[in-house]
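Taking numbering that gives the first Met the number 0, the leading residue of the sequence shown gets 0, the next gets one more, and so forth.
See structure below.
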Amino acid sequence: MTDSPAGTIVVEVAFAEPRGQFLRRVELSAGATVGDAIRASGVERECGIDASALDTGIWSKPAARDATLRDGDRVELYRPLRVDPKEARRRRAERTAPKPRR
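Quick look at the structure:
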């Protein structure tokens with residue numbers, strides 16, 4: 000919990016991409032939603048993204064944009080995976096597998 004004035008909450012909005020990370024604390028009215036926090040943080044403008052196209056969560060658990068936040072929550076924006084993790088592992092294994100002897 001944080002020491003927020005009565006009737007307000009403080010949350011963080013986080014977004015990571017290969018070229019850097021975005022983490023911003025925002026103060027909102029009690030009863031604010033995930034969508035409110037995203038808009039207040041300025042992440043779309045600063046990172047040049049369309050947040051509506053990304054999945055969201057609170058502390059690594061999926062959450063809808065209309066989910067109500069609590070003081071101290073961290074709102075996270077998730078980029079889509081470029082490659083399925085199982086496929087990436089299979090490719091790595093193929094590259095490092097020993098070559099058959101003749």
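Where is the CB? At the ideal position from N, CA and C, for every residue including glycine.
All of these numbers come straight from a predicted model, not from anything done at the bench.
Discussion item. Within the continuous alpha helix (DSSP H) that includes residue 95, where are the two ends?
Written reply: 84-95 is the extent of the alpha helix (DSSP H) around residue 95.
Worksheet entry | Which of helix, strand or coil DSSP assigns to residue 34 | helix
Worksheet item: residue 38: which of 84, 75, 98 sits nearest, CA to CA?
Response: 75
Worksheet item: residue 28: buried (16+ other C-beta within 10 angstroms of its C-beta) or exposed?
Response: It counts as exposed.
Worksheet item: Just how far apart, CA to CA, sit residue 48 and residue 78?
Response: 10 Å
Practice prompt. Would you give the residue range spanned by the beta strand (DSSP E) that residue 73 belongs to?
Written response: 73-77
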